[in-house]
Every structure is written in C-alpha cells, then in structure tokens.
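Engineer: This structure is in structure tokens; I'll ask about it shortly.
Protein chains: 2
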Amino acid sequence: MTRRPRIRDVAELAGVAPSTVSVVLNDTAGARVAGSTRDRVRAAAAELGYVPNSFARGLRTRRSGTLAFIGDVIATTPYAGELIQGAQEAAWEAGYLLMLVNTGGDAQLEERAVRALRRQQVEGALYATMYHRAVTLPEVLDGLPTVLLDARPVSGTATFVVPDEQAGAEDAVEELVRLGHRRIAFVRDLHDGPAVDRRQRGYESRLAAHGLELDERLVVRERSDSAGGERAAAVLLDAPDPPTAVFTFNDQMAIGVYRAAAARGVRIPQDLSVIGFDDLYVVSSELTPGLTTMALPHREMGRLAARALIAELDGGEPTGEQLVPCPLVRRGSAAPPHP
Amino acid sequence: MTRRPRIRDVAELAGVAPSTVSVVLNDTAGARVAGSTRDRVRAAAAELGYVPNSFARGLRTRRSGTLAFIGDVIATTPYAGELIQGAQEAAWEAGYLLMLVNTGGDAQLEERAVRALRRQQVEGALYATMYHRAVTLPEVLDGLPTVLLDARPVSGTATFVVPDEQAGAEDAVEELVRLGHRRIAFVRDLHDGPAVDRRQRGYESRLAAHGLELDERLVVRERSDSAGGERAAAVLLDAPDPPTAVFTFNDQMAIGVYRAAAARGVRIPQDLSVIGFDDLYVVSSELTPGLTTMALPHREMGRLAARALIAELDGGEPTGEQLVPCPLVRRGSAAPPHP
DNA sequence: CTGAAAGCGCTTACAG
DNA sequence: CTGAAAGCGCTTACAG
Chain A
1 MTRRPRIRDV AELAGVAPST VSVVLNDTAG ARVAGSTRDR VRAAAAELGY VPNSFARGLR
61 TRRSGTLAFI GDVIATTPYA GELIQGAQEA AWEAGYLLML VNTGGDAQLE ERAVRALRRQ
121 QVEGALYATM YHRAVTLPEV LDGLPTVLLD ARPVSGTATF VVPDEQAGAE DAVEELVRLG
181 HRRIAFVRDL HDGPAVDRRQ RGYESRLAAH GLELDERLVV RERSDSAGGE RAAAVLLDAP
241 DPPTAVFTFN DQMAIGVYRA AAARGVRIPQ DLSVIGFDDL YVVSSELTPG LTTMALPHRE
301 MGRLAARALI AELDGGEPTG EQLVPCPLVR RGSAAPPHP
Chain B
1 MTRRPRIRDV AELAGVAPST VSVVLNDTAG ARVAGSTRDR VRAAAAELGY VPNSFARGLR
61 TRRSGTLAFI GDVIATTPYA GELIQGAQEA AWEAGYLLML VNTGGDAQLE ERAVRALRRQ
121 QVEGALYATM YHRAVTLPEV LDGLPTVLLD ARPVSGTATF VVPDEQAGAE DAVEELVRLG
181 HRRIAFVRDL HDGPAVDRRQ RGYESRLAAH GLELDERLVV RERSDSAGGE RAAAVLLDAP
241 DPPTAVFTFN DQMAIGVYRA AAARGVRIPQ DLSVIGFDDL YVVSSELTPG LTTMALPHRE
301 MGRLAARALI AELDGGEPTG EQLVPCPLVR RGSAAPPHP
C-alpha cells in the first residue's frame, strides 16, 4: 500500500508552496490566488487523489468535524435506528461525522466512553435515551456542548429534544371527539413518567376543552404491554357503561385491546374505536384493521437535536425544551360510534 | 472554558519531561521508568484531568482508533440498530470507536461520505446493507480494509458476514418433521435473492434428507408482505390436499398465514403449524399464538464483522464468507399435526 | 499574488 | 533511568 499523498506532494506537482495548496483547497476567505494557480492546484490534487489529513488539520484548527452520539441502549427498539439516522443526516448536512457509542446504561462504561470520545476531540455530544425520561448528565460531559435526545435533564439549562406528548394526546382525543365519541377511555401505564404523565394531561385537557366530564373509571392503569392492554380493555368492555373509544398509552397496549375486543365479538372500529401511540414499526400497520395512532417522530427528533447542537457550536445559546409534534396516522381503527 | 491540559502541563507538574509522561501513560513496552516517577506522573495526570489528544497522537502513530460503519439505510428496519450495536460493542471491546454514516443508497453521497471518513483516518470499514444481498464495493474504498455486513460481494475476496440462511431453513423443516409433519409448504418471495434462494435450498434439502418428496404445489411464490402471505395461504388451505405445516420466507408472510387460517376456522397450531423467519421485533411475540420462527442474528453479525475487520487490521488475512447461525425461537405456532 | 516559518500536541528513536 | 530533539501533516499570520 503506497503512502497517501501529502499536501507537499500536491504542492510540488503544482509547482507552488504547501500553504498555497491549503489556501486553494480550503477556499480560505480573503486569500487572493490567481485563477490559473487555483486550477493547477486542484488538478494536481485530483491527479494524486489527495485527501487532507483531518488529524493534522484538527491539530491546528482545534476542530475535528465530529459529534458524539451517546446512547444508553442503541438497539433493542426499532426506534433507536431512526434516532441515530436522523442525527447522522443532520450532522452530515452540516459537515459533521457522528461517532457512536452505546453505554448499555452502565455508568462506568459511560465515563470511559466519554473519555474516549473527548480524546477523539468530538466537538459536541448528543445524549440519547431510548424512551422519554429524566436523566442527569454524567460529570465527564462537563464543558462539552451537549444536547439531550428523547430525554429531559433533571436539572440545568441544557437543550433537550422530546416528543410533544401532551399535544399528541390532545390530537388523539380531538380526533375521537370529532368522530362523535363522548365516552373515551385512556389505558395507561402503571407507573408515572414524563411520557405517560403528559399524555394523560393531554387526554384530560382535551376532554375538558370539549366540556366532557372526566370519568375516573375510564382511566385504567395496567402494564404497558399487550397483556396489560388486554386486561384493561376487559375491565372497560365488561363494565355496565363501556366506552365507545379507547386511547392507549402505546401501540402494544392497543394490541391487547384488539384481543379483548375480538374475544367479546366487539368489532373495531364499528363497535369500538382505538387510537394508539408510538406507531410501532410493522405492528400498527399489520393489525386488522390497521391501527390509527400517534407517531413518535424519532427521525425528526434526531435531526432537530443534531441541528440544535450544531447551532450551539456556532455560538448559539442553549434553547431548553424543544418539542417535536407527534403526527396522527389514520389507519382505520377509529370511526364514528354507533348512532 | 479553560484550555485542556497538554502533556507538557502534566510533565511540569510531575517534574519530568513530556516524553516520560508519554512513556508512562502509554505503558510503552521496554521503557524503564522508576516506580516513584510513574506514580508522580499518574498523579499529575489525574489531578489535571489530562486526556491525551488523539489527533496529535494519531499524526505520529498513523493510527486513529476509529472504524467506519457505512450503511445504505440505517433505520427503516428495526434490525439496523442491532447490526450497529453489535459492531459498536465489538469495536469498543478492542479499543475502537465507530464513525457512522448513512448513504441512503446514493452512490454520490456514498463517495463523499467515504472520502470524509478517510480524511478522518478510519482504519477500516464495515459496509452494511439492511438485508442480505449482493453488492459491489465502491472504488473509493480501495485500499481500506473492509468487511461486508449482511451483504455478499459480487466479486472479490473480501470478508463478508451473512446469516446462515440455508441452515436456518433446514432447522425449521427439521423441527416440523420432528413434530410429525409430512406435508410442509414453503411460502416464499416472488423474486430470487441470496436469502430466499438459500432458504428454499435448505427447505428442499431437508425434505430430501427425510425422504420426503418435493411437491411443487406446496411451494408458493407471493409478495413478501402479510397480504402476500395471506394470498399464498389461501391457495394452500383451499387446495384438496392442504399442508399441515407452513414455513414462510419471513414473519410478515406468516402474519398473513395467520389471517388466512383465522378466516377459515383453521386453528394454529392445532390444525396448522407455522414457522416464520426473521424474528421481527414485537410482531412474532405479539401474534396469538406467538410465532415460532428462525431469528436473524443481527447483533451477533455486527459483532462478528467488527471482530473480523479488527483481525485484518492486526495483520490477518480476509476470511471470505462467515456464516452466522439463525437460532430457532419456539413460541407456540408449531405443534404435532392431527393424528 | 505567493512563499517561508512557526506551531498545534503528541511519540519515538537516540543520547547520556 | 530520564531528557532533548525531530517530525507526523496540516494552517495561519506574516513578509515580500
């Protein structure tokens, strides 16, 4: 393997000094180089297949052109890929490359990883969690511009990008009310958390906005998987005054609602409307009927977070909470109730 | 923001020369430094929170400690995250960091991305596609050690890591035969391809191994989505001599088989056994009954590819095709046929 | 309009 | 056992 050409090789071939090559190839502002010289330099660079060495350049300029993506669990959910892809795309568009690290939620590993990333001179970091929750940034990140992704800081003024859970829930309820529903249930997770709290707030506020009374019996807490959704739906459907529509905390719970409905001969959407949350890959589209749901905009969140980080690197101030809308995806599980 | 400490700062604090600091911190082999000196150096480094600059180091050593992960479509499938995560983990274990780039299958963008990665001095590349297919490596990659991931090279001797499709299919058929099935259908994709070809070969060879005749009517070609699976199953179930078991090309087709069976009052697994392929996130576990399927070992593939690449960087020869086993995940859709 | 020189922060033979 | 010096490949004031 022959050695890669250096700037000096290009300079010699073009018959100029290395500094001139640098100025030409970087289009350095304010530098005056004759057009003919520029052409010769560019031709020489192309001929040699010259690729500048970012290390040498970074050593002088103190810029690496790289950003860190630090995730607690990169895979395990189909969302992670979208988050990463969105961030990568926006980084690329701004001329940055992404360095990826997965900490598995291990604090020790995380510290070593951040150290390694800082050695590599990353200019900033995206700190991502795989579902919306509150986190404390590790100390090693101090002094490195950082934007949180799908996570909110326990304290501090850092920029963080999260789904607009409340507006999403409001839109789901709005859709159901618009279709004519008045008894709308909310099937939610057992535990509190940033996502479920805001979704419930959206559910309640939208009901109130329409002058609909909040019936506590229509809010059921269960485990946020399909079995939990099935149990919750069973309670609701077997009650004396069942709801005509169910809004679920996530799509997996909606799967359970489908099962409970099928077991009782309750048809979706004729007898019961269902709206989920997340737009879980394949699942929501493969249910019969397709599940109407609020999409979690992971790709868009990744893009926004990278852009916000780059804006800070360019001298901008942290912008605090950045809410990303969750679009309604209509598929067929929500329809007008029986007359 | 105060400047990061340099090696000179550590040297001054410890009262030694920078070269001594380097030798101590890198545990340079064959260097003799007094224990007390070592302790002083380490203490000074810790006190200052010294993190060596990889650029300066890389400029001298010509090693960056980074690997490229080049993907055609990073997200869009839940598998991508697993592939990336596996690669990242194995890279990390060997002291490498991963730089990520998504080309969206755009050749021009790919070329620019590879150039950017080479500028960043990546030592090698993982070239990943999001499903098993044959690819031609772009020219810009010439001279950079590269391992293909979930892809096979159209030509050349590069190392590539792919699922053992044929063995997976054989194991699926083996499981069905073991349960007592004799009429086993294969529902496959319309088009040929590395994955489907090998799965069919496995299906046929395993039947033959058990002395079972291949009935062409039991091999149905359809679009590889749930609607296609449903149509294929309809044909099979409505035939005069329907199969007692169906092996599908992927899990989405299996969803369709479930639907066709339900529509006909055919119970799974009592009346019909089904085995899928892929172990698609959530889908396979959320079907009722849970889908027995062959898992695509993406995480493991990512790990293997990164390890193979690192082995080449360490002077090893390319190893050609690396097959990764697809484990059988038993969930409940395969059972003995009616007596 | 172009070139010579210094320096970014390390590592590595080499001297002593 | 430890230090001085050169050099990795760039960029950037500065001279001319």
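Quick mapping for you: the protein sequence lines, in order, are chains A and B.
1 is the number of the first residue of the first sequence in full-length UniProt numbering; add one for each residue after it.
1 is the number of the first residue of the second sequence in full-length UniProt numbering; add one for each residue after it.
Beta carbons are placed, not taken as given, at the ideal position from N, Cα and C, and that holds for glycine.
Keep in mind that this is a model prediction, so the values were computed, not measured.
Can you tell me where the beta strand (DSSP E) holding Thr159/A begins and where it ends?
Structural biologist: From DSSP, the beta strand (DSSP E) with Thr159/A extends over 159 to 163.
Engineer: So is Met1/A in contact with chain B if we call contact Cβ pairs under 8 Å?
Structural biologist: Reliability fails at Met1/A, whose pLDDT of 38 lies under 50, so the model's placement of it is uncertain and the value that follows must be treated cautiously. Yes, contact with chain B.
Engineer: Any C-beta of chain A within less than 8 Å: which residues of the segment 249 to 263 of chain B qualify?
Structural biologist: From the segment 249 to 263 of chain B, only Gln252, Ile255, Arg259 have a Cβ closer than 8 Å to chain A.
Engineer: Does the Cβ-Cβ distance between Glu230/B and Arg259/B come in under 8 Å?
Structural biologist: Taking 8 Å as the Cβ cut-off, Glu230/B and Arg259/B qualify as a contacting pair.
Engineer: Under 8 Å between C-beta atoms, does Ile268/A make it to chain B?
Structural biologist: With 8 Å as the cut-off, Ile268/A does not count as an interface residue toward chain B.
Engineer: Quick test of your reading: His298/A and Tyr79/A, contact by CB under 8 Å. State the CB separation rounded to the nearest angstrom.
Structural biologist: At roughly 5 Å, the Cβ-Cβ gap stays under 8 Å, so His298/A and Tyr79/A are in contact.
Engineer: Can you tell me which of the three DSSP states Thr248/B falls into?
Structural biologist: Note: Thr248/B maps to strand in three-state DSSP.
Engineer: Where does Gly211/A land, buried or exposed, given buried means 16+ other C-beta within 10 angstroms?
Structural biologist: Exposed, since its Cβ has fewer than 16 Cβ neighbours within 10 Å.
Engineer: With DSSP as the reference, please indicate the residues paired to Pro153/B in a beta bridge.
Structural biologist: Pro153/B is bridged to Val135/B.
Engineer: What residues of chain B sit near Pro138/A, judged by a beta carbon separation below 7 Å?
Structural biologist: Within chain B, no residue comes near Pro138/A; the closest Cβ sits about 14 Å away, beyond 7 Å.
Engineer: Go ahead and pull the three-state DSSP assignment for Asp9/B.
Structural biologist: It is helical.
Engineer: Thinking C-beta only, is Met130/A closer than 8 Å to Leu117/A?
Structural biologist: No, Cβ-Cβ distance for Leu117/A and Met130/A is not below 8 Å.
Engineer: State the beta-bridge partners of Asp278/A as determined by DSSP.
Structural biologist: DSSP lists Ala295/A as partners of Asp278/A.
Engineer: Under the assumption that residue 361/A contacts Ala34/A (Cβ atoms under 8 Å), give the Cβ distance between them as a whole number of angstroms.
Structural biologist: Any answer about residue 361/A is impossible in this case: the structure gives chain A only from 1 up to 339.
Engineer: Quick check on residue 340/B: buried or exposed, where buried means 16 or more other Cβ atoms within 10 Å of its Cβ?
Structural biologist: Absent from the model: residue 340/B. The displayed extent of chain B is 1 to 339, so no value can be given.
Engineer: Give me the Cα-Cα distance between Val135/B and Pro153/B, rounded to the nearest whole angstrom.
Structural biologist: Whole-angstrom Cα-Cα distance: 5 Å.
Engineer: In terms of DSSP beta bridges, what is Val41/B paired with?
Structural biologist: According to DSSP, Val41/B bridges with nothing at all.
Engineer: Taking the C-alpha atoms as reference points, what is the distance between residue 340/A and Ser22/A?
Structural biologist: Only positions 1 to 339 of chain A appear in this structure, which leaves residue 340/A out of reach.
Engineer: If contacts are defined as beta-carbon pairs under 8 Å, then Leu83/B and Asp150/B qualify, I think. What distance do you get, rounded to the angstrom?
Structural biologist: That belief holds up - the Cβ atoms of Leu83/B and Asp150/B are roughly 7 Å apart, short of 8 Å.
Engineer: Would the beta-carbon of Ala113/B fall within 8 Å of that of Val101/B?
Structural biologist: Yes, these two residues count as a Cβ contact at 8 Å.
Engineer: Give a yes or no on whether the minimum CB-CB distance between Met99/A and chain B is below 8 Å.
Structural biologist: Yes, Met99/A counts as interfacial toward chain B.
Engineer: Per the contact definition of three or more C-beta pairs closer than 8 Å, is the segment 219 to 230 of chain A in contact with the segment 240 to 259 of chain A?
Structural biologist: Contact holds: three or more Cβ-Cβ distances are below 8 Å.
Engineer: Identify the contact partners of Ser226/A in chain B, using a Cβ-Cβ distance below 8 Å as the criterion.
Structural biologist: Per Cβ cutoff of 8 Å: Glu286.
Engineer: Per the DSSP calculation, Gln322/A is bridged to which residue(s)?
Structural biologist: Partner(s): Val161/A.
Engineer: Residues of chain B with CB under 7 Å from Ala56/A, in chain order?
Structural biologist: Per Cβ cutoff of 7 Å: Leu59.
Engineer: For His191/B, does the count of other Cβ atoms within 10 angstroms reach 16, so buried, or fall short, so exposed?
Structural biologist: Counting Cβ neighbours within 10 Å, His191/B comes out exposed, since fewer than 16 surround it.
Engineer: Can you give, in chain order, each stretch of the alpha helix (DSSP H) that sits fully within the segment 80 to 134 of chain A and has at least 4 residues?
Structural biologist: List check, alpha helix (DSSP H) in window: 107 to 119.
Engineer: Let me check one thing: in DSSP terms, what residues is Asp171/B bridge-paired to?
Structural biologist: Answer is none; Asp171/B lacks a bridge partner.
Engineer: Please report the distance separating the alpha-carbon of Met1/B from that of Gly143/A.
Structural biologist: For Met1/B, the predicted structure reports a pLDDT of 38, less than 50, and the residue's modelled location is therefore unreliable. A value from the coordinates is still provided. Going from the Cα of Met1/B to the Cα of Gly143/A covers about 7 Å.
Engineer: Between the C-alpha atoms of Glu93/A and His132/B, what's the straight-line distance to the nearest angstrom?
Structural biologist: Rounded to the nearest angstrom, the two C-alpha atoms are 28 Å apart.
Engineer: Residues in the segment 314 to 329 of chain A with C-beta within 8 Å of chain B's C-beta atoms, listed in sequence order?
Structural biologist: Cβ contacts with chain B: none found.
Engineer: Are any of the Cβ atoms in chain B nearer than 8 Å to that of Ala116/A?
Structural biologist: For Ala116/A, the answer is yes, since a Cβ of chain B falls inside 8 Å of its Cβ.
Engineer: Give the single residue among Leu313/B, Ala208/B, Gly290/B whose Cα lies nearest to the Cα of Val147/B.
Structural biologist: Checked all of Leu313/B, Ala208/B, Gly290/B; the closest Cα to Val147/B is Leu313/B.
Engineer: Do you know offhand how far Asp238/B's Cα is from Leu218/B's?
Structural biologist: Each residue's Cα considered, the two are about 12 Å apart.
Engineer: Give a yes or no on whether 8 Å exceeds the smallest Cβ distance from Glu93/A to chain B.
Structural biologist: So no, Glu93/A is outside the interface.
Engineer: Can you tell me where the alpha helix (DSSP H) with Val196/B in it begins and where it stops?
Structural biologist: Start and end: 194 to 209.
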